[in-house]
């Protein structure tokens with residue numbers, strides 16, 4: 001079974017600065033997908049960024065980028081120019097490419113605080 | 117609708133009562149998932165539907181929990197004889213069939229068992 005580990009329960013960053021959230025995972029599969037989701041106080045999970053394991057290039061979405069290290073099974077999220085609206089819980093998630101095992105496996109989350 | 121809709125938004129029930137939680141997925145999404153999120157915790161997988169069938173029920177914590185999906189659309193999660201430990205936010209998500217498709221989540225139902 002796959003596991004996802006987020007070792008930082010809480011992080012804080014000054015507004016406009018850069019912060020990196022860590023995520024590691026354990027799998028024996030070679031093809032899979034990795035995601036970062038954001039959960040603000042409204043409870044809704046919002047997709048931030050997605051990475052396909054077969055792609056070597058790191059995914060980017062505006063101020064959000066990832067550092068995907070497949071051999072190390074690491075998938076960190078970098079938020080540049082942090083904004084107050086970035087404050088939320090961030091969850092890293094793994095999804096197998098195997099039919100019948102499509103569920104997302106989540107880490108325990110990192111609570112990000114933005115300091116004005 | 118434009119997104120995944122869950123009802124009710126909040127539910128308070130007495131221990132021992134049955135509850136039903138509803139999820140309306142995004143139109144055209146064949147896959148539907150139920151997750152549970154206890155206070156301050158991550159998301160715990162409960163069950164996954166592909167169409168009306170549930171190929172993965174491995175996360176249902178006990179036989180008090182059941183779920184069904186009809187017409188490849190609406191899903192209902194039923195908890196019988198609720199216990200205090202069932203108190204949590206229950207999140208529903210849907211996606212297209214392709215594995216690379218992301219899950220789209222609803223706002224969840226906060227269940228409180230008193």
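Protein chains in written order, with this note's numbering: chain A, 1 to 116; chain B, 117 to 230. We treat Cβ as the ideally placed atom computed from N, Cα and C, and that holds for glycine. Treat the numbers as computed from the prediction; the structure is a model and nothing was measured.
Distance between beta carbons of residue 19 of chain A and residue 79 of chain A, contact taken as under 8 Å:
Taking C-beta atoms under 8 Å as the contact rule, residue 79 of chain A and residue 19 of chain A qualify, at a distance of about 5 Å.
Chain A beta carbons: is any one of them nearer than 8 Å to that of residue 216 of chain B?
Proximity of residue 216 of chain B to chain A, defined by a Cβ-Cβ separation below 8 Å, is satisfied.
Contact between the segment 40-60 of chain A and the segment 87-94 of chain A is defined here as three or more beta-carbon pairs at a separation below 8 Å; is this criterion met?
Cβ pair count under 8 Å is three or more, so yes.
In three-state terms, what does DSSP make of residue 201 of chain B?
Reduced to three states, the DSSP call for residue 201 of chain B is helix.
Cβ of residue 195 of chain B within 8 Å of Cβ of residue 185 of chain B?
No Cβ-Cβ contact shorter than 8 Å links residue 195 of chain B with residue 185 of chain B.
Could you please give me the residues that DSSP links to residue 50 of chain A through a beta bridge?
Residue 50 of chain A pairs with A:35.
Whole-angstrom Cβ separation of residue 191 of chain B and residue 148 of chain B, contact assumed at under 8 Å?
Right, their Cβ atoms sit about 5 Å apart.
Taking one C-beta from the segment 33-46 of chain A and one from the segment 218-226 of chain B each time, how about it: are there three or more such pairs within less than 8 Å?
For the pair of segments examined, the segment 33-46 of chain A was found to touch the segment 218-226 of chain B: the number of CB pairs separated by less than 8 Å reaches three.
Looking at the strands, I want to know which residues DSSP matches up with residue 81 of chain A.
According to DSSP, residue 81 of chain A bridges with nothing at all.
By alpha-carbon positions, which one of B:204, B:210, B:189 and B:127 ends up nearest to residue 136 of chain B?
Ranking the options by Cα distance to residue 136 of chain B, first place goes to B:127.
For residue 11 of chain A, collect the residues of the same chain with a Cβ closer than 8 Å to its Cβ; drop the 5 residues on either side in sequence, then sort them by chain order.
Cβ neighbours of residue 11 of chain A beyond the five flanking positions: 19, 21, 110, 111, 112 and 113.
Do residue 25 of chain A and residue 53 of chain A have their C-beta atoms closer together than 8 Å?
In this structure, residue 53 of chain A does not lie closer than 8 Å to residue 25 of chain A by Cβ.
N- and C-terminal bounds of the beta strand (DSSP E) containing residue 11 of chain A
The continuous beta strand (DSSP E) containing residue 11 of chain A extends over residues 10-14.
Thinking just about the alpha-carbon of each residue, which of B:165, B:153, B:157 and B:170 is nearest to the one in residue 206 of chain B?
It is B:153 whose Cα lies nearest to the Cα of residue 206 of chain B.
Limits of the beta strand (DSSP E) - the one that residue 127 of chain B falls within:
Segment 126-129, the beta strand (DSSP E) holding residue 127 of chain B.
Residue 167 of chain B to residue 188 of chain B span [Cα, whole Å]:
Each residue's Cα considered, the two are about 5 Å apart.
Beta-carbon spacing of residue 230 of chain B, residue 130 of chain B below 8 Å
A contact, by the Cβ cut-off of 8 Å.
Take the Cβ of residue 107 of chain A as the centre, count every other Cβ of all protein chains shown within 10 Å, and call the residue buried at 16 or more, exposed below.
Flag for residue 107 of chain A reads buried.
For a test of the three-state rule: what should DSSP assign to residue 97 of chain A, helix, strand or coil?
Per DSSP, reduced to three states, the secondary structure at residue 97 of chain A is coil, with no helix or strand assignment.
N- and C-terminal bounds of the beta strand (DSSP E) containing residue 19 of chain A
19-21 is the span of the beta strand (DSSP E), which, as asked, contains residue 19 of chain A.
Against residue 229 of chain B, what residues of chain A qualify as contacts under a CB-to-CB distance less than 8 Å, listed in chain order?
Result: empty, since nearest Cβ-Cβ is about 18 Å, beyond 8 Å.
Got a sec: which bits of the segment 99-110 of chain A sit with their beta carbon under 9 Å from any beta carbon on chain B, in order along the chain?
Answer set for the segment 99-110 of chain A: 99, 100, 101, 102, 103, 104, 105, 106, 107, 108 and 109.
Check whether residue 75 of chain A and residue 64 of chain A have beta carbons under 8 Å apart:
A distance of 8 Å or more separates the beta carbons of residue 75 of chain A and residue 64 of chain A.
Could you pull out every residue in the same chain whose Cβ sits closer than 7 Å to the Cβ of residue 182 of chain B, ignoring the five residues on either side in sequence?
Taking C-beta separations shorter than 7 Å and ignoring five residues to either side along the sequence, the partners of residue 182 of chain B in its chain run 194, following chain order.
Determine the chain B residues that contact residue 25 of chain A at a beta-carbon separation under 8 Å, and present them in chain order.
Chain B residues near residue 25 of chain A: none, gap ~13 Å exceeds 8 Å.
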